[in-house]
Every structure is written in structure tokens, then in C-alpha cells.
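Visitor: Here the protein sequences come in this chain order: V and U. In terms of our numbering, the first sequence opens at residue 4 and continues consecutively. In terms of our numbering, the second sequence opens at residue 2 and continues consecutively. Here's a structure for you.
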Amino acid sequence: MLAKRIIPCLDIKNGRTVKGVNFVNLIDAGDPVVLAKQYAEKGADELVFLDISATLEGRKTTLEMVLKVAEQVNIPFTVGGGISSIEDVDLLLKSGADKVSINSSAIKRPELINELSDKFGSQCVVVAIDAKQIDGQWKVHLAGGSIPTKLDLFEWAKEVENRGAGEILFTSMDHDGTKDGFANGALSKLSTTLNIPIIASGGAGTIQHFVDTFQIGKSDAALAASVFHFGEIEIKDLKNALKENNIEVRI
Amino acid sequence: MNIVIIDYGAGNTKSVQFACNRLGFDPILTNSAELIKAADKVIFPGVGHASNAMKILQESGLDVLIPTLKQPLLGICLGMQLLCHTTEEGTTNGLGVFDVDVKRFSDAVKVPQMGWNTISNLKTNLFTGLKNDAYMYLVHSYYAELCEDTIAQTNYGVTYSSALKKDNFYGVQFHPEKSSWEGETVLSNFLNF
Numbered sequence: 004m005l006a007k008r009i010i011p012c013l014d015i016k017n018g019r020t021v022k023g024v025n026f027v028n029l030i031d032a033g034d035p036v037v038l039a040k041q042y043a044e045k046g047a048d049e050l051v052f053l054d055i056s057a058t059l060e061g062r063k064t065t066l067e068m069v070l071k072v073a074e075q076v077n078i079p080f081t082v083g084g085g086i087s088s089i090e091d092v093d094l095l096l097k098s099g100a101d102k103v104s105i106n107s108s109a110i111k112r113p114e115l116i117n118e119l120s121d122k123f124g125s126q127c128v129v130v131a132i133d134a135k136q137i138d139g140q141w142k143v144h145l146a147g148g149s150i151p152t153k154l155d156l157f158e159w160a161k162e163v164e165n166r167g168a169g170e171i172l173f174t175s176m177d178h179d180g181t182k183d184g185f186a187n188g189a190l191s192k193l194s195t196t197l198n199i200p201i202i203a204s205g206g207a208g209t210i211q212h213f214v215d216t217f218q219i220g221k222s223d224a225a226l227a228a229s230v231f232h233f234g235e236i237e238i239k240d241l242k243n244a245l246k247e248n249n250i251e252v253r254i
Numbered sequence: 002m003n004i005v006i007i008d009y010g011a012g013n014t015k016s017v018q019f020a021c022n023r024l025g026f027d028p029i030l031t032n033s034a035e036l037i038k039a040a041d042k043v044i045f046p047g048v049g050h051a052s053n054a055m056k057i058l059q060e061s062g063l064d065v066l067i068p069t070l071k072q073p074l075l076g077i078c079l080g081m082q083l084l085c086h087t088t089e090e091g092t093t094n095g096l097g098v099f100d101v102d103v104k105r106f107s108d109a110v111k112v113p114q115m116g117w118n119t120i121s122n123l124k125t126n127l128f129t130g131l132k133n134d135a136y137m138y139l140v141h142s143y144y145a146e147l148c149e150d151t152i153a154q155t156n157y158g159v160t161y162s163s164a165l166k167k168d169n170f171y172g173v174q175f176h177p178e179k180s181s182w183e184g185e186t187v188l189s190n191f192l193n194f
């Protein structure tokens, strides 16, 4: 049976990990390659690198990092952040990234999704959607969730699927950072109305939250950052608990 | 040992090359017929659209060369599917090494299948060192049916061939280069034949 996936997310700036990562026995907690290798050994199923570099120079450094991760890490990884053209994607895939994740650029120019899936295949096109509820309606937001758009989450997600995305990474801005659980109502609706995999993001705080997002939210994968980076949840413990709840995981 | 990865512009060849490097091998990436013919082992990767990939193979004459190769060859993902008879993706004729058709997953499951699934009923020394039901990383919308050449099977709505073998030709639907140590075991078995 296809296993549910556990995906740590690393924020990268100028080729280095940002936000404190607090692994025991790590000489350099800022080196994304070392961290990625550790996560692969700990049982992570995939990794997501989110590039938050603001400069061209910084983005070049990230490309070098992608190459090093591809050299040394034996699980798949996605790179997102600031990708807006076929050329950007071509460079990342040629450097060894398995998938790319696009967000604001797809909202600004939805045809980009078609172009990327036609050229590189839908299997490597992840569309990230940030949304929060405004007057009871899930509205898509731009620029890391700071700018609201008129787009309805579920309509946009359907369009994204129709245009050829291979997967959706949905972050609830209402839940992100709260450690209060994933947005399982919205996730369940996405997962049952669409026919591509849905990655849940935003709100992970406890092992039970992961159980819930797979059982109630019907998510195909769950992404989290701080609970893994600070060792609050060990992936091994998490997977054992999921298995005890009859959720298929790779152990 | 002289290992060649066929580089025809349809695949994540870099990741396959890196995985070989991690195992202590130094493959060359090429689409040269001479170099491919002279290799001890050939790896035939591929991602993307089947009909696009077949078109590139036809333009370079590799569609004629590949089925005539005598050394061990490993097709990966789309590479494996292209070695089959026909594929529903763009209703394309494959290279016909494996006498089996490639079909699209039904909408009863999410398409593409993306993630880790188990391989079972393992046959041949390609899988030496692995236990039955080992997890492998798969990303695909089309699958090869079960057939005489099946040496591993996987279930996703339907039970299908996740690996095939005929004579010197091997094909795996999963990505050994991205499937942790289990995937590297498969790649290592092939490279050490």
C-alpha cells in the first residue's frame, strides 16, 4: 500500500539553513546538506527546501546547495521559493531537485503551471497554496500569506489540478505556527474533491495532530518544520505511533 | 567497469549519476551509440512524457540500438515503460523488449501515484539483500501490467509490474536512486552483476 509521507521543511537563505535548528551532536546546524542527510537517516520520506533568499547572489548559492544535496542524499526533495520561469525550473532540475514548488508566480500567471507540466511532466510540479479564512471563506493569499487575493481556495485548487499540477502543498495561515493541529476540514475537502496528492502544512504540534490529518484530513503527506528541527517530535516515534493507529508508513 | 547512463534529454540523469557515485562507480552520461555499445552496463533513465521521449529516441536512432544491446541494461521509471510494447500515454509504440502494455491508472486512485510503496514477490538477484515488501519511491501515472517478465509487483488500485526482466534487460518502475538504502541495494546489485 502507498505510505503516508512525513516531510520536514527547511528554510534556506543564501545556501544556509535559517530559523534555529536544534539537533544534538551537530557540528554545523546551518548546513542544509548535513541536516538533509540526518533527516534521511532518521526516516523522513521527502524533504522540502524553501529558498527565502532575496538576492540573485543568494539564489545562486542555493543552486549550489541543491547540487550538493542531490549528490549526498538518497531520498527525494522539492525546492520552492521565488521560482517564476521555465528557466528557473530547468536549472533546479538539472542541479538534481526532484520537484519544484511554485506559489505566487502561479497565481500571477496560471499558464505557468501548464507550461511546466508540459515541459517537465506533472510529477515534478508542486503548487503551494497559502490560504486563510475570511468571513468563513477560505481565501488564497500571496507573498507568504501577507496579501489576500479574491481566489477561493477550492476553486483555485481545482484549477491548479486541471492545469497539470502533480501535487498540492496546502498551508493554512490560520494554523501555521499555532502548534494546534492541521486544517483538517479544508484538507479533507481538498483531498476528496481533487484527484492529486495533498500535502498538509501548518499547525503541527503533537503526534496526534499527524494522526488526525491522515485520518480526518485525509492528507497524503504532512509537512512540518519546528517540531522536527527542535527535536520535539522524533520521526521514528511519530511513524511508530502512526503505525499503531493503522496508518500505512514506511518504517 | 565502464558504465553508461543514456542521456537523451528526458530524465533526471544527474540523480542516477550521483547514486552510482555514492556506490563507488563513475558512469558517463552520453547519447553516443559507440559509447553505449562499448559499455559493460547501461542505465536507461527517463521522466516526463512517453511520446516526447520516444520522439527523441527515434531522432537519434537510439530506438533501433537499445533493443539490440547485449550487456545488462537497467531501465528506470519511464525508461522501463519505454522498453514495453505500447503505452497509453500518447498512444505510443515502445521499444518492445518486454511484451507487455503500459496503461493509465484509473481515477479510483489519485494520479500520479506519488510516494513510497512496497514491492513484493521479488525474483532474480536484482533484489538480493532486500526483504519482501521493501519500500521504494515511485512517481508515475502509467503502469505495466503483470506478465511473464514480472520480477516484482506493487499494488495501487491494481496489482502491476514494478520490475521486469527479459534476458539482459531489466526495468524498474521505482527510482532506486531516490529510495534510500533499499534503492541503492538494487542499483548496487545491478552494477555488480
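Just so it is clear, CB atoms sit at the ideal spot from N, CA and C, and this is done for glycine as well. Because the structure is a prediction, the values reported are computed rather than measured.
Closest Cβ-Cβ distance between residue 115 of chain U and chain V: below 9 Å?
Guide: Residue numbering aside, residue 115 of chain U sits at position 114 when the second sequence is read from its first letter. Yes - at least one Cβ of chain V is within 9 Å of the one on residue 115 of chain U.
Visitor: Give me the chain U residues within the contact set of residue 97 of chain V, using Cβ-Cβ distance strictly less than 8 Å, ordered along the chain.
Guide: In the first sequence, the residue the question calls residue 97 of chain V occupies position 94. In chain order: 15.
Visitor: Does the count of Cβ pairs from the region 9–20 of chain U and the region 176–188 of chain U closer than 8 Å reach three?
Guide: At 8 Å Cβ cutoff, the stretches touch.
Visitor: Under 8 Å, with one C-beta from each stretch per pair, do the region 219–227 of chain V and the region 148–161 of chain U reach the 3-pair mark?
Guide: In short, these stretches do not touch, since the Cβ pair count stays below three.
Visitor: Taking 9 Å as the threshold (C-beta atoms), are residue 43 of chain U and residue 83 of chain U in contact?
Guide: By 1-based counting over the second sequence, the position of residue 83 of chain U is 82. By 1-based counting over the second sequence, the position of residue 43 of chain U is 42. No; because the gap between Cβ atoms is not below 9 Å, this pair is not in contact.
Visitor: Going by Cα to Cα distance, which pick from V:124, V:110 and V:207 is closest to residue 93 of chain V?
Guide: By 1-based counting over the first sequence, the position of residue 93 of chain V is 90. Of the candidates V:124, V:110 and V:207, the one whose C-alpha sits nearest the C-alpha of residue 93 of chain V is V:124.
Visitor: Which residues share a DSSP beta bridge with residue 148 of chain U?
Guide: Taking the first residue of the second sequence as 1, we reach residue 148 of chain U at position 147. DSSP lists no partner for residue 148 of chain U.
Visitor: By Cβ distance, which residues of its chain are closer than 7 Å to residue 116 of chain V, with the 5 residues on each side in sequence left out?
Guide: The count along the first sequence starts at 1 and reaches residue 116 of chain V at position 113. Excluding residues within five positions, the ones whose Cβ falls inside 7 Å are 109, 128, 130, 163, 166, 167 and 168.
Visitor: Count Cβ pairs between the region 228–237 of chain V and the region 5–13 of chain V that sit closer than 8 Å; are there 3 or more?
Guide: The region 228–237 of chain V, when compared against the region 5–13 of chain V, does touch it at the 8 Å Cβ threshold.
Visitor: At least one CB of chain U closer than 9 Å to the CB of residue 11 of chain V: is that the case?
Guide: As a working mapping, residue 11 of chain V is identified with position 8 in the first sequence. No, its Cβ sits nowhere closer than 9 Å to a Cβ of chain U.
Visitor: What's the C-alpha gap between residue 109 of chain U and residue 3 of chain U?
Guide: Locating residue 109 of chain U in the second sequence gives position 108, where the first residue counts as 1. Locating residue 3 of chain U in the second sequence gives position 2, where the first residue counts as 1. About 44 Å.
Visitor: Could you tell me the distance, in whole angstroms, from the CA atom of residue 215 of chain V to the CA atom of residue 242 of chain V?
Guide: Counting from one through the first sequence, the residue named residue 215 of chain V turns up at place 212. Counting from one through the first sequence, the residue named residue 242 of chain V turns up at place 239. Approximately 13 Å between the Cα atoms of the pair.
Visitor: What are the residues of the region 36–67 of chain U that lie near chain V, defined by any Cβ-Cβ distance shorter than 7 Å?
Guide: Going along the region 36–67 of chain U in chain order, one finds 48, 49 and 50 with a Cβ nearer than 7 Å to chain V.
Visitor: Quick one: list the residues of chain U neighbouring residue 4 of chain V, beta-carbon separation under 9 Å, in chain order.
Guide: Residue 4 of chain V sits at position 1 when you count from the first residue of the first sequence. The contacting residues are 118, 119, 156 and 157.
Visitor: Where does the unbroken alpha helix (DSSP H) through residue 162 of chain V begin, and where does it stop?
Guide: Locating residue 162 of chain V in the first sequence gives position 159, where the first residue counts as 1. Element bounds for residue 162 of chain V: 156–165.
Visitor: Nearest-angstrom Cα distance between residue 46 of chain U and residue 89 of chain V?
Guide: As a first step, residue 46 of chain U must be located in the second sequence, where it is residue number 45. As a first step, residue 89 of chain V must be located in the first sequence, where it is residue number 86. Distance between the alpha carbons of residue 46 of chain U and residue 89 of chain V: 22 Å.
Visitor: With 9 Å as the limit, tell me which residues of the region 121–149 of chain U have their beta carbon closer than that to any beta carbon of chain V; keep them in chain order.
Guide: Listed by position, the residues of the region 121–149 of chain U near chain V (Cβ gap below 9 Å) are 136, 138, 139, 140, 141 and 142.
Visitor: What residue does the alpha helix (DSSP H) around residue 23 of chain U start on, and which one ends it?
Guide: In the second sequence, the residue the question calls residue 23 of chain U occupies position 22. From DSSP, the alpha helix (DSSP H) with residue 23 of chain U extends over 14–23.
Visitor: Anything in chain U within Cβ reach of residue 8 of chain V, meaning under 8 Å, just list it in chain order.
Guide: Taking the first sequence and counting its residues from 1, one reaches residue 8 of chain V at position 5. The answer, in chain order, is 116 and 117.
Visitor: Using only the alpha-carbon positions, how far apart do residue 133 of chain V and residue 147 of chain V sit?
Guide: Reading the first sequence from its first residue, position 130 is the one you call residue 133 of chain V. Reading the first sequence from its first residue, position 144 is the one you call residue 147 of chain V. Roughly 7 Å between the two C-alpha positions.
Visitor: Are the C-beta atoms of residue 77 of chain V and some chain U residue less than 9 Å apart?
Guide: For the purposes of this step, residue 77 of chain V is taken as residue 74 along the first sequence, with counting starting at 1. At least one chain U Cβ lies under 9 Å of residue 77 of chain V.
Visitor: Residues in the region 99–113 of chain U with C-beta within 9 Å of chain V's C-beta atoms, listed in sequence order?
Guide: Against chain V - using a Cβ distance shorter than 9 Å - the residues of the region 99–113 of chain U are 108, 110, 111, 112 and 113.
Visitor: Can you tell me whether residue 107 of chain V is buried or exposed, with buried defined as 16 or more other CB within 10 angstroms of its CB?
Guide: The count along the first sequence starts at 1 and reaches residue 107 of chain V at position 104. Flag for residue 107 of chain V reads buried.
Visitor: Using only CA atoms, which one of V:189, V:171 and V:62 lies nearest to residue 177 of chain V?
Guide: Here residue 177 of chain V is taken as the residue at index 174 of the first sequence, counted from 1. That would be V:189, whose Cα lies nearest to the Cα of residue 177 of chain V.
Visitor: Below 9 Å between beta carbons: does that hold for residue 51 of chain V and residue 33 of chain V?
Guide: Here residue 51 of chain V refers to the residue found at position 48 when the first sequence is read from its first residue. Here residue 33 of chain V refers to the residue found at position 30 when the first sequence is read from its first residue. No, Cβ-Cβ distance for residue 51 of chain V and residue 33 of chain V is not below 9 Å.
Visitor: Going by DSSP, what residue range makes up the beta strand (DSSP E) through residue 135 of chain U?
Guide: In the second sequence, the residue the question calls residue 135 of chain U occupies position 134. Unbroken beta strand (DSSP E) run through residue 135 of chain U: 135–141.
Visitor: With a cut-off of 8 Å on the beta carbons, I'd call residue 202 of chain V and residue 157 of chain V a contact; round off their distance for me.
Guide: As a working mapping, residue 202 of chain V is identified with position 199 in the first sequence. As a working mapping, residue 157 of chain V is identified with position 154 in the first sequence. Residue 202 of chain V to residue 157 of chain V, Cβ: 16 Å. No contact.
Visitor: Pull up the distance between the alpha-carbon of residue 45 of chain V and that of residue 247 of chain V, whole angstroms please.
Guide: Reading the first sequence from its first residue, position 42 is the one you call residue 45 of chain V. Reading the first sequence from its first residue, position 244 is the one you call residue 247 of chain V. Taking the straight line joining both Cα atoms gives about 19 Å.
Visitor: Does the beta carbon of residue 80 of chain U come closer than 9 Å to any beta carbon on chain V?
Guide: Within the second sequence, residue 80 of chain U is the residue found at index 79, counting from 1. No, residue 80 of chain U does not count as interfacial toward chain V.
Visitor: Quick one: which unbroken alpha helix (DSSP H) runs of 4-plus residues sit fully inside the region 78–159 of chain V? Chain order, please.
Guide: Segments of the alpha helix (DSSP H) lying fully in the region 78–159 of chain V: 89–97, 107–111 and 114–123.
Visitor: Please determine if the region 61–70 of chain V and the region 93–112 of chain U are in contact, where contact requires at least 3 C-beta pairs separated by less than 8 Å.
Guide: Touching, no.
Visitor: By a C-beta neighbour count over all protein chains shown, 10 Å radius and 16 as the cutoff for buried, is residue 104 of chain V buried or exposed?
Guide: Sequence index remark: in the first sequence, residue 104 of chain V carries index 101 (1-based). Buried, since its Cβ has 16 or more Cβ neighbours within 10 Å.
Visitor: What does the alpha-carbon distance come out to for the pair residue 172 of chain U and residue 70 of chain V?
Guide: Here residue 172 of chain U refers to the residue found at position 171 when the second sequence is read from its first residue. Here residue 70 of chain V refers to the residue found at position 67 when the first sequence is read from its first residue. Whole-angstrom Cα-Cα distance: 27 Å.
Visitor: Spatial neighbours of residue 143 of chain U within its chain, please: CB distance less than 8 Å, with the 5 preceding and 5 following residues excluded, ordered by chain position.
Guide: Numbered from its first residue, the second sequence carries residue 143 of chain U at position 142. Around residue 143 of chain U: 51, 82, 88, 89, 90, 103, 104, 105 and 106.
Visitor: Under the rule that 16 or more other beta-carbon atoms within 10 Å means buried, what is residue 4 of chain V, buried or exposed?
Guide: Position 1 of the first sequence, counted from the start, is the residue given in the question as residue 4 of chain V. Burial call: exposed.
Visitor: Which word fits residue 249 of chain V, buried or exposed, when buried means at least 16 other C-beta atoms lie within 10 angstroms of its C-beta?
Guide: Taking the first sequence and counting its residues from 1, the one referred to as residue 249 of chain V is at position 246. Classification for residue 249 of chain V: exposed.
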